[in-house]
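Colleague:
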Amino acid sequence: MTDPIDAPVSRLVIDLDALTRNWQTLARMVRPAECAGVVKADAYGLGAVQVAQCLAHAGCRRFFVANPDGAAALRSVLDETARIYVLNGLIAEADDLAARNLVPVLNDLGQIARWADEARRLERRLGAVVHIDTGMSRLGLPPAEAQRLAAAPELLAPLDLHFVMSHLSCASEPEEAENHRQLELFRDAMRSFPGVRASLANSSGIFLGDAWHHDLVRPGYAVYGGNPTPSGTNPMEAVIRLKARIVQVREVPAGTRVGYGGTYTTERATRLATVPVGYADGYPRALGNLAHAFIGDHAVPVVGHVSMDLMTLDIGGLPEAKAHVGTWVDLIRGRAMLDDLAARAGTIGYELLTSLGARYARQWLGGTR
Ligand SMILES: *Cc1c(COP(=O)(O)O)cnc(C)c1O
Numbered sequence: 007m008t009d010p011i012d013a014p015v016s017r018l019v020i021d022l023d024a025l026t027r028n029w030q031t032l033a034r035m036v037r038p039a040e041c042a043g044v045v046k047a048d049a050y051g052l053g054a055v056q057v058a059q060c061l062a063h064a065g066c067r068r069f070f071v072a073n074p075d076g077a078a079a080l081r082s083v084l085d086e087t088a089r090i091y092v093l094n095g096l097i098a099e100a101d102d103l104a105a106r107n108l109v110p111v112l113n114d115l116g117q118i119a120r121w122a123d124e125a126r127r128l129e130r131r132l133g134a135v136v137h138i139d140t141g142m143s144r145l146g147l148p149p150a151e152a153q154r155l156a157a158a159p160e161l162l163a164p165l166d167l168h169f170v171m172s173h174l175s176c177a178s179e180p181e182e183a184e185n186h187r188q189l190e191l192f193r194d195a196m197r198s199f200p201g202v203r204a205s206l207a208n209s210s211g212i213f214l215g216d217a218w219h220h221d222l223v224r225p226g227y228a229v230y231g232g233n234p235t236p237s238g239t240n241p242m243e244a245v246i247r248l249k250a251r252i253v254q255v256r257e258v259p260a261g262t263r264v265g266y267g268g269t270y271t272t273e274r275a276t277r278l279a280t281v282p283v284g285y286a287d288g289y290p291r292a293l294g295n296l297a298h299a300f301i302g303d304h305a306v307p308v309v310g311h312v313s314m315d316l317m318t319l320d321i322g323g324l325p326e327a328k329a330h331v332g333t334w335v336d337l338i339r340g341r342a343m344l345d346d347l348a349a350r351a352g353t354i355g356y357e358l359l360t361s362l363g364a365r366y367a368r369q370w371l372g373g374t375r
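Note that our numbering has the sequence shown beginning at 7, numbered continuously upward.
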């Protein structure tokens, strides 16, 4: 029952079985299209190696990372036939990427030319994905370059074109006309690539409907338990649980100010609990006086400003035996809380999620390791 003195006082618990079920749910939804796994940013903070092993075991064959440096560890735990795509493009040396069996997502004509040169030099066809911009104005061939490529298909001749892809800008807002506009632009573009497989949808895009599924979907957030349908309840299972232990409890009278700036004053005599998690740990400062944590089934409010390494909870509503020094508090749990807290903090669950993983002792439950 008592943990050793150096046991972590806060912990990010990651349920790899729930994560695997989320991926399987998405894979079933899109069949016969194929389902990839987006594991950029160390799998949204949850551990790219652990996540990729689970997804591979569940049948996932294609993984997307942002940058080549994130791919080395992945390559070592996946078999040679699993594909690792680098979304940010041919931003490393071409020979290095080829030697490491990584497939770049080619984002402009210059990258296509360089990758084709590398294929000629190696005298073998190199895998590639071509990204066409249909509305993000971020990565991918702008429309004029896409037209030039369509008119000169020989530019791709030395390459094994796995997919042509694009990325949706408003998929989490199903009523947005932009989703239909991007779909039409993408379909138009695909006419120039007869017989080539297509990929458009991220997590939310999957929920827009079959028309957006094409041959390959690329979910990230929903696999990790985030809500891909923010206007409704979350269809995914919770994957993370963020917990921390109370490090101090004090009895205070009515009229006690709490935290920097004294933004909270107790209305009655109560008990306050201090928890060693703050904004330096990825818990947003904006949540002071706006969020709850849970002790068992009891919701306890976060009072006063969140500090750098600490926050304060008002536990006056709980019997003393339920909350004392050493008691575990759930700061994030269940399928709604990640998105709900993020919204209260004025951000999105993606940002909250990716700010946690590097800061906490991570504990992986289940899985196939
Ligand atoms: C991040 C990303 C995804 C995954 O998006 P989610 O919303 O997390 O499912 C898919 N495709 C591209 C190009 C991305 O950058």
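All C-beta atoms in this analysis are idealised placements derived from N, C-alpha and C, irrespective of residue type, glycine included.
1) Tell me the DSSP secondary structure of THR269 in three-state form.
2) Per DSSP, which one or two residues make a beta bridge with GLU249?
3) Report yes if the C-beta of PRO241 is less than 7 angstroms from at least one heavy atom of ligand 3; otherwise report no.
4) With a threshold of 6 angstroms on Cβ separation, who are the neighbours of VAL371 within its own chain once the five nearest residues in sequence on each side are excluded?
5) Report yes if the C-beta distance between LEU337 and TYR289 is below 8 angstroms; otherwise report no.
6) At which residue ranges does the region 45–124 contain complete beta strand (DSSP E) runs of 3 or more residues, listed in the order of the chain?
7) Buried or exposed: GLY363, going by 16 or more other Cβ atoms within 10 Å of its Cβ?
8) With DSSP run on the structure shown, which of helix, strand or coil describes MET171?
9) From SER361 to LEU155, what does the alpha carbon distance come to, in whole angstroms?
10) Within 8 angstroms, do at least three Cβ pairs link the region 158–166 to the region 205–221?
11) With a cut-off of 5 angstroms, give the chain-ordered residues whose Cβ is closer than this to any heavy atom of ligand 1.
12) Taking just the CA atoms, how far does TYR356 sit from PRO74?
13) In chain order, what residues of the same chain lie with their CB nearer than 6 angstroms to the CB of VAL19, ignoring the 5 residues before and after it?
14) Tell me the residue span of the beta strand (DSSP E) that contains LEU371.
15) Go ahead and label VAL331 buried or exposed: buried means 16 or more other beta carbons lie within 10 angstroms of its beta carbon, across all protein chains shown.
Modeller: Checking against the coordinates, here is how it stands:
1) In the sequence shown, the residue the question calls residue 269 occupies position 263. Three-state DSSP puts THR269 in coil, outside helix and strand.
2) Mapped onto the sequence shown, residue 249 falls at position 243. The sequence shown places Lys at residue 249, rather than the Glu named in the question. DSSP lists ARG17, ASP336 as partners of LYS249.
3) Ligands present in the displayed structure are limited to ligand 1, and ligand 3 is not among them.
4) Here residue 371 refers to the residue found at position 365 when the sequence shown is read from its first residue. Checking the sequence, you will find Leu at residue 371 rather than Val. Contacts found: ASP21.
5) Residue numbering aside, residue 337 sits at position 331 when the sequence shown is read from its first letter. Residue numbering aside, residue 289 sits at position 283 when the sequence shown is read from its first letter. It is a contact, given that the beta carbons lie within the stated cut-off.
6) Complete beta strand (DSSP E) runs here, min 3: 68–71, 89–92, 109–112.
7) Taking the sequence shown and counting its residues from 1, the one referred to as residue 363 is at position 357. Buried is the call here.
8) Taking the first residue of the sequence shown as 1, we reach residue 171 at position 165. Three-state DSSP puts MET171 in a strand.
9) Counting from 1 along the sequence shown, the entry for residue 361 is found at position 355. Counting from 1 along the sequence shown, the entry for residue 155 is found at position 149. Straight-line spacing of the CA atoms in SER361 and LEU155 works out to 39 angstroms.
10) Contact fails: fewer than three Cβ-Cβ distances are below 8 angstroms.
11) Cβ atoms closer than 5 angstroms to ligand 1 belong to VAL44, HIS173, ASN208, SER209, ARG224, PRO225, GLY226, TYR227.
12) Here residue 74 refers to the residue found at position 68 when the sequence shown is read from its first residue. Here residue 356 refers to the residue found at position 350 when the sequence shown is read from its first residue. Cα to Cα, PRO74 sits roughly 21 angstroms from TYR356.
13) The sequence position of residue 19 within the sequence shown is 13, counting from 1. Within the same chain, and ignoring the five residues on either side of VAL19 in sequence, the residues whose Cβ sits closer than 6 angstroms to its Cβ are ARG247, GLN369.
14) Translated into positions along the sequence shown, residue 371 becomes position 365. Segment 367–371, the beta strand (DSSP E) holding LEU371.
15) Numbered from its first residue, the sequence shown carries residue 331 at position 325. Label assigned to VAL331: exposed.
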